[in-house]
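Colleague:
There are 2 protein chains.
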Amino acid sequence: MLDKLPEYRFPIDPWRLIEREYRGDDLGTTETLFALGNGYLGMRANPEEGREAHSHGTFLNGFHETWQIHHAEDAYAFAKTGQTVVNVPDAKLMKLYVDDEPFLLATADLDQYERVLDFRSGVLERNVVWRTPAGKRVRISSRRMVSFTHRHLAVMTLEVTLLDSPAPVVISSQLMNRQDGEDEYHVEAASLGEGKDPRQARKFTERVLEPKLTRERDNEIVLGYRCNHSKMTLACGTRHLIDTPCSVNVATSVADDLAKTVYTVRATPGDPIRVTKLVAYHDSKGVPTPELADRCTRTLKRAAGDGIEQLFSEQREWLDEFWERSDIELRGDDRAQQALRWNVFQLGQASARTQEQGIAAKGVTGGGYDGHYFWDTEVYVAPFLAYTSPEAARKVVRFRWKMLDAARERAAELSQRGALYPWRTINGEEASAYYAAGTAQYHINSAIVFALRRYLEASGDLEFLAREGAEVLVETARLWADLGFYSTNGNRTFHIHRVTGPDEYTTVVNDNAYTNVMARFNLRYAARTVRFLAEWNPEQFAALRRATNLRLEELDEWDAAADAMFIPFDDRLGIHPQDSSFLELEPWNWDGVPKEKYPLLLNFHPLVIYRHQVLKQADVVLAMFLRREHFSIEQMRRNFDYYDPITTGDSSLSACVQAIVAAEVGYDDLALEYFEQSLYLDLCDTHGNTADGVHVASLGGVWAGVVHGFAGMVEWGDYLEFSPRLPAKWEGLAFKIHRHGSVLRIDLDRDGCTLEVTDGAGVPIIDGDNRLMVEPGQPYRIPAKP
Amino acid sequence: MLDKLPEYRFPIDPWRLIEREYRGDDLGTTETLFALGNGYLGMRANPEEGREAHSHGTFLNGFHETWQIHHAEDAYAFAKTGQTVVNVPDAKLMKLYVDDEPFLLATADLDQYERVLDFRSGVLERNVVWRTPAGKRVRISSRRMVSFTHRHLAVMTLEVTLLDSPAPVVISSQLMNRQDGEDEYHVEAASLGEGKDPRQARKFTERVLEPKLTRERDNEIVLGYRCNHSKMTLACGTRHLIDTPCSVNVATSVADDLAKTVYTVRATPGDPIRVTKLVAYHDSKGVPTPELADRCTRTLKRAAGDGIEQLFSEQREWLDEFWERSDIELRGDDRAQQALRWNVFQLGQASARTQEQGIAAKGVTGGGYDGHYFWDTEVYVAPFLAYTSPEAARKVVRFRWKMLDAARERAAELSQRGALYPWRTINGEEASAYYAAGTAQYHINSAIVFALRRYLEASGDLEFLAREGAEVLVETARLWADLGFYSTNGNRTFHIHRVTGPDEYTTVVNDNAYTNVMARFNLRYAARTVRFLAEWNPEQFAALRRATNLRLEELDEWDAAADAMFIPFDDRLGIHPQDSSFLELEPWNWDGVPKEKYPLLLNFHPLVIYRHQVLKQADVVLAMFLRREHFSIEQMRRNFDYYDPITTGDSSLSACVQAIVAAEVGYDDLALEYFEQSLYLDLCDTHGNTADGVHVASLGGVWAGVVHGFAGMVEWGDYLEFSPRLPAKWEGLAFKIHRHGSVLRIDLDRDGCTLEVTDGAGVPIIDGDNRLMVEPGQPYRIPAKP
């Protein structure tokens, strides 16, 4: 695996991802790995020159086009509206010509090349020395930053210095709306055959962005567009500055799809030419583009006023605080330390400034999965946010609260009470066209409640509970109570049928263990929390009842359903079957299916996969991790022993969870192996589709692997338990978590771990049979179990 | 129900369907009910004038366009090529103008109107007296016939007689290729929203038939076309004759999409103007249109030479023989007699001249279900054919044999050995875009074997068995043996998982009872028959082994799988659960779902339907009918009692089978009720979609209802058993069946039935505990059970 990260090309560095050799054969992957983003605005790491690219991507979280889903064979309540994140106009372009010869990485004779993504400065830098066709050496240095502090802003600089002899230098800085077909990636991907890999983004065959505005004044250019069908609007603007002792001529041109600011310079050796480019993007659901253009102007003016050095400095300050909260320090494995920080940095880039939006499966690094929001943000990413930046977790949950009306409508379409969240969506409408692995995954409801609870526990934010959280709890619990039913076969057990669990290699089954475990949690937590609200804040409770027509008996009904919830268990094997008939399935032919036939979903008809005991991810194992309290260690081990060998790991959500539970049940080597699989999943492109964007859920899973796997953190109500089990090849591991407003630092070494409250009041923990408080200033030591 | 057939409008007649009032509000239904066809060429009953229509349909069996199926979310081995029967150029048009005023039924002032479909003459007649806007009375008589004896030929006559005063009369006889959008039906249907009812035919949005040829010579016009994508070719030609004492001028014009032969007549009162129009259609997979045009010329010349009176007379002779073989005589219920004959007549029209093609779900009467062939032809129609016209059954089975290579390829795509027949197809490729209710219906394999066996038993055609049948048996049995597997849970039972039975309201289940029963039959019958072949004709057996790479051990493997086949049975209820988890499903809310929410498939998301014990058709009941020998009467009654109340009958395949089994278990009133539901299913448009074409399978089911339901015929190996149970409101019922080359007439009265061999050698039967022969000339009496 690590041979994909050879040191000569990607040297080890604890705080930076570095590339020392340009290569054209893995452009898609490196565009993703070096991508910049702030959760709202994302830019893939395309070079300033444009041209060679897997995908010239610039994305605004939630900015999407809609389209009618045509079902080859339609049925009632199938998803109707497709939604695809739009690749917005490209402002990264700063083309360079020396002696009228274009600088292009793919063909350039390079004396030096280095590209660096710095996790502390939040800046992508490139330093190149180019020997032009005329033999002149030119130093080209560029910096690019998507601001964490100014949501709509990106900053770029390009510095060109002739080293030998004078030459005319042209820098053409562009803002280009790439329509389909002009983008090499699209052409290439289309040749794969439409929909060949359902995980890639939809290719549009007609114009998506209709030009609505071009504006050029002072030093500023703004282009405005409206999406053809979704009617979302967009403005993007640039502002340029040039700084050089050489003589300069500037010309601008503005057309619907291309704005250029062209500097023609009589460059003299040793005299740097530095162009600064400020870029602003604003979008909306329908605000007219002139208004958005004004917003761009304000963003650009403010940034120009601040000056770019201050902007770079604010960026570093923001990241200092981020790392203070979120860093994972790893001692004894420098490559893994680098990878860990890259993972955490990408989590920051995916979540920092999402504001009113969610976090897409690929963050803002690519168009994969159409830019949709899924359940995995809630289960894999929200805990990281809750434990390190509670405010960011709040946004994730609030985003779902805002979607509640759409989810109520969707439940009604599916003939159910309450709310059913869409399996994949941008605008709140169900966009999953294949219900068996989409709409049938009702468990998304419980994922949202899981994230809500994580946030409430990290923050203690009762106001949020009262105003937003409780409504989500009521409507999700209602869905479960209505979806399931009591079996009339003697024992009144509560069953949930024809659903799909997280494992998509078995679909539309009865009593999926994961779903039932999580539904039970959802029902109980809703009943308990709503009762708490009734007592704590009768006025808010009254408001809740008005908003939801809640009957008091419903709370009892939820508890009763939870108590009667059927969780499949096989006495003979001592395991929890994945669903009520899973153990009846035929074993998969592990020996007979060659390696190149994986992932199975691209090589076998769904019926073939569904017919066998073969998993994409082990959802019983996930259930054990998420609802640890319901499983004994013995049960966990038996389940893990059963499911691990039949899990393909074709899902990127699989390895991190296998790592955590392997660690929990004492399979240390396997735990590390799985952890490393998820740690390097994107960096080594192990799933072959990092080009489509980072796997955000897996990034969160890596964090969880450290915290829950190696530090063994388990939540027991108000108490935390730690079971330190540092992999033998490491020397130490340290991180912090937020807990009810306090901050707890956990520092693992080979013998155990030290807990220390670094901020706030004491934190309650369990150590063996003891419940106690770790008090500020009094580090507490937990020895590793022998 | 029968209020849809009021006597003043549809008078009762034992041999004719008659309409006495024109109405514009059920055009789609009457176009279907009065449609003509010979299994190859079908013409909907549009009036000669064109214009008002639900669908101006003319169809050639198997003549189709292909299109790429776009799956909203694609997956491996999903069906790729859509196929849709093409509405071919319309030759029915013979427009009439008197005093330049067009005759149009919708607006005409009619003194008299009658439309008659005569089951013995095979001619559709219309007789009208029109009072023109000028007050002149005009008698208009037309006849139309699709020839049973000349596959490619249709004949029409139009006779116009002025009754009062002279007037200029224009008859414009046309051949029109209606492109989409010009057809009122398409416009109307499109407004329903694409795919709203998945049972309707696909609407094309681009030109399908590319004009390739126009030819006009002598008295003949031919147009030739090629399908845009399938590249199938078509030629259609007309030849006209006019006969009148009045003075006539004729003009023809030919363009790509419209050929006209226009007669302008100075008509005088009392002098009939009679125009005869001969029409020929020829199509092919790719023969150039000039060659097809020549074939049209030959067809037309021959017909012209014969003269139309001879053509009409041949038609009657063909039908005389048809009725001799196929008639069902019903005494004591004239309306039912008429309906029965209409049903049988439509079966004849669907099957007479299919030649190298199958029988589509709508025959050649409409574009519903895209003109596809399904399993129901084999199960519902092939027995009628086998028992009345064995040669027609042979064609049905041979058509599937010819599809074997495609079915082998499809099995391989689905990772299986053997052959898997497509769920729906025209050209042999799977065209079902929704696999859960399509490809997953593996039971189609057994349906084909079922039809094969019916044919072999009726005909004793061992040559066919040796040359075609055995190969089908080997490859279908192989599929089952490979698809299923032996459970390792102690008892080595054989299971077939993740399949869908005929009931499409429960999909992708384990051990569907119907599927397993039929797979067992398929396996056993294949093993036994191939063994028989090995003994009977070693040479053909050797050829079979070469063609299929058959290993001898496979025969034992098929027997073993059949012996170990798991058939779900619930001891407590004493019933066969529809599948292994059916009884665990939630009961359907029968009281809470209003009537207008049926059929459920148009009003509930599939997941909602699948989650409940609610059936579209009761496939366990069907299994009991098809494999009667495996079920005791007690089991049958229990199963029927369980499934009948939870069966919606949303499928048109349901009522006839419920009727048969209800009769078998002694529910006489219910049997008659269900029988009448299927008898009048199209005539009273009870499913609301007769406009899309007749329900061919249900037609076959009506025949089966008489034979197996009321006569109680059951096959026990070589013996037939009869249990006469004539509904109390009838006086008698008589029909014939073919058996090993003999013909047996069964005549039911209130006390029992009389069996009589009317042709061939004796026929072995079972009567109570006796096995005996009914010998020619010695009628045998079976009394009704008290």
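Going down the list, the sequences are from chains A and B.
Take 7 as the starting number for the first sequence in my numbering and just add one per residue.
Take 7 as the starting number for the second sequence in my numbering and just add one per residue.
Glycine included, C-beta positions come from ideal geometry on N, C-alpha and C.
1) Can you tell me whether LYS101/A is buried or exposed? The criterion is at least 16 other CB atoms within 10 Å of its CB, across all chains shown.
2) Under the DSSP definition of a beta bridge, which residues are partnered with ALA437/B?
3) Can you pull the chain A neighbours of PHE610/B, defined as C-beta to C-beta under 7 Å?
4) Check the Cβ-Cβ distances between ASN433/B and every residue of chain A, and say whether any is below 9 Å.
5) According to a CB-to-CB cut-off of less than 7 Å, which residues of the region 776 to 790 of chain A neighbour chain B?
6) Three or more C-beta pairs under 8 Å: does that hold for the region 383 to 391 of chain B against the region 697 to 712 of chain B?
7) Provide the residue span of the alpha helix (DSSP H) that contains PRO389/B, from first to last.
8) Hey, how far is the Cα of VAL269/A from the Cα of ALA173/A?
9) In this structure, does DSSP put PHE65/A in helix, strand or coil?
10) Rounded to a whole number of angstroms, what is the C-alpha to C-alpha distance between PHE456/A and PRO600/A?
11) So which residues on chain B does HIS75/A lean against when the C-beta distance must stay under 8 Å?
12) Under the three-state reduction of DSSP, which class applies to GLU335/B: helix, strand or coil?
13) Check whether chain B comes within 9 Å of PRO793/A, counting only Cβ atoms and requiring the distance to be less than that.
14) Is PHE380/A close to chain B? Criterion is C-beta to C-beta, closer than 9 Å.
15) Looking only at its own chain, which residues have a Cβ that is under 6 Å from the Cβ of ALA85/B, when we skip the five neighbours before and after it?
16) Run through the DSSP bridge pairs and tell me what ARG484/A is partnered with.
17) Work out the CA separation of ASP105/A and ALA286/A for me, nearest whole Å.
18) Report, in whole angstroms, the separation of the C-beta atoms of THR554/A and GLU481/A, which I expect to be a contact under 8 Å.
19) Give the interface partners of LEU39/B over in chain A, defined as CB-CB distance under 8 Å, in chain order.
20) Can you give me the C-alpha to C-alpha distance between ILE24/B and VAL134/B, rounded to a whole angstrom?
21) Return the CA-CA distance between SER421/A and GLU397/A, expressed in angstroms with no decimal places.
22) Who are the neighbours of ASN516/A on chain B, taking C-beta pairs under 7 Å?
23) Return the first residue and the last residue of the alpha helix (DSSP H) that LEU169/B is part of.
24) Three or more C-beta pairs closer than 8 Å, one from the region 37 to 46 of chain B and one from the region 355 to 371 of chain B: is that the case here?
25) What's the C-alpha gap between ALA548/B and LEU676/B?
26) Using CA atoms only, rank isn't needed, just tell me which of HIS62/A, VAL92/A, ALA114/A, THR72/A is closest to LEU99/A.
27) Against HIS693/A, what residues of chain B qualify as contacts under a CB-to-CB distance less than 7 Å, listed in chain order?
28) Enumerated in chain order, which unbroken segments of the beta strand (DSSP E) with a length of 3 residues or greater are wholly contained in the region 15 to 69 of chain B?
29) Please list the partners that TYR649/B has in chain A, where partner means a Cβ-to-Cβ separation under 9 Å.
30) Would you mind reading off the limits of the beta strand (DSSP E) that contains LEU11/B?
31) Hey, does ARG504/B have any beta-carbon neighbour from chain A nearer than 9 Å?
32) Quick one, which residues of the region 444 to 464 of chain B are near chain A if we go by CB-CB under 8 Å, in chain order?
33) Is there a Cβ of chain B sitting closer than 9 Å to that of THR64/A, yes or no?
34) If distances are taken between C-alpha atoms only, which option among SER729/A, LEU754/A, PRO733/A, GLU762/A comes closest to HIS744/A?
35) Does HIS714/B come out as helix, strand or coil in the three-state DSSP assignment?
36) Measuring straight from C-alpha to C-alpha, what distance separates ARG459/A and GLY747/A?
Modeller: Here's the rundown:
1) Here residue 101/A refers to the residue found at position 95 of the first sequence. Buried is the call here.
2) Taking the first residue of the second sequence as position 1, residue 437/B is located at position 431. None, per the DSSP bridge assignment.
3) Sequence index remark: in the second sequence, residue 610/B carries index 604 (1-based). Those are TYR82, SER421, listed as they occur along chain A.
4) Sequence index remark: in the second sequence, residue 433/B carries index 427 (1-based). Chain A contact via Cβ: absent.
5) none
6) yes
7) As a position in the second sequence, residue 389/B is number 383, starting the count at 1. First-last of the alpha helix (DSSP H) with PRO389/B: 388 to 394.
8) The residue you call residue 269/A lines up with position 263 of the first sequence. The residue you call residue 173/A lines up with position 167 of the first sequence. According to the sequence displayed, residue 269/A carries Tyr and not Val. The alpha-carbon atoms of TYR269/A and ALA173/A are separated by roughly 14 Å.
9) One-based indexing of the first sequence puts residue 65/A at position 59. Here PHE65/A sits in strand by DSSP.
10) Stepping through the first sequence from its first residue, residue 456/A is reached at position 450. Stepping through the first sequence from its first residue, residue 600/A is reached at position 594. About 38 Å.
11) The residue you call residue 75/A lines up with position 69 of the first sequence. For clarity, residue 75/A is Ile in the given sequence; the question names His instead. Near ILE75/A (Cβ distances below 8 Å), the residues of chain B are ALA78.
12) Position 329 of the second sequence, counted from the first residue, corresponds to residue 335/B. Strand, per DSSP.
13) Residue 793/A lies beyond the residue range present for chain A, which begins at 7 and ends at 792; the question has no answer from this structure.
14) Along the first sequence, read from residue 1 onward, the residue named residue 380/A stands at position 374. False, the Cβ-Cβ gap to chain B never drops below 9 Å.
15) For this step, residue 85/B is matched to residue 79 along the second sequence. Same-chain partners within the cutoff: ILE75, GLU436, ALA437, SER438, ALA439.
16) Here residue 484/A corresponds to residue number 478 of the first sequence, with the count starting at 1. Partner(s): none; ARG484/A has no beta bridge.
17) Indexing the first sequence from 1 puts residue 286/A at position 280. Indexing the first sequence from 1 puts residue 105/A at position 99. ALA286/A and ASP105/A: Cα-Cα distance of roughly 32 Å.
18) Along the first sequence, read from residue 1 onward, the residue named residue 554/A stands at position 548. Along the first sequence, read from residue 1 onward, the residue named residue 481/A stands at position 475. The Cβ separation is near 7 Å, so the contact holds.
19) In the second sequence, residue 39/B corresponds to position 33, counting from 1. Simply none; closest approach about 28 Å.
20) Stepping through the second sequence from its first residue, residue 24/B is reached at position 18. Stepping through the second sequence from its first residue, residue 134/B is reached at position 128. Approximately 13 Å between the Cα atoms of the pair.
21) Residue numbering aside, residue 421/A sits at position 415 when the first sequence is read from its first letter. Residue numbering aside, residue 397/A sits at position 391 when the first sequence is read from its first letter. Roughly 35 Å between the two C-alpha positions.
22) For the purposes of this step, residue 516/A is identified with residue 510 of the first sequence, where counting begins at 1. By Cβ distance, chain B contributes SER587, GLU590.
23) Residue mapping note: residue 169/B aligns to position 163 of the second sequence, counting from 1. No alpha helix (DSSP H) holds LEU169/B; DSSP gives it neither H nor E.
24) yes
25) On the second sequence, residue 548/B is found 542 positions in, with the first residue counted as 1. On the second sequence, residue 676/B is found 670 positions in, with the first residue counted as 1. About 51 Å.
26) Your numbering for residue 99/A matches position 93 in the first sequence. Among HIS62/A, VAL92/A, ALA114/A, THR72/A, the Cα nearest to that of LEU99/A belongs to HIS62/A.
27) Taking the first sequence and counting its residues from 1, one reaches residue 693/A at position 687. None at all; the shortest Cβ gap to chain B is about 17 Å.
28) 22 to 25, 47 to 49, 64 to 66
29) Your numbering for residue 649/B matches position 643 in the second sequence. Going along chain A, no residue has its Cβ under 9 Å from TYR649/B, so there is no contact; the nearest lies around 18 Å.
30) Stepping through the second sequence from its first residue, residue 11/B is reached at position 5. LEU11/B -> no beta strand (DSSP E), and no H or E assigned at all.
31) Taking the first residue of the second sequence as position 1, residue 504/B is located at position 498. Closer than 9 Å: yes.
32) GLY444, THR445, ALA446
33) Mapped onto the first sequence, residue 64/A falls at position 58. Cβ-Cβ to chain B under 9 Å: no for THR64/A.
34) If you number the first sequence from 1, residue 744/A lands on position 738. Considering only alpha carbons, the answer is GLU762/A.
35) Sequence index remark: in the second sequence, residue 714/B carries index 708 (1-based). In the structure shown, HIS714/B sits in a helix (DSSP, three-state: H, G or I).
36) Against the first sequence, residue 459/A aligns to sequence position 453. Against the first sequence, residue 747/A aligns to sequence position 741. So the two alpha carbons sit approximately 15 Å from each other.
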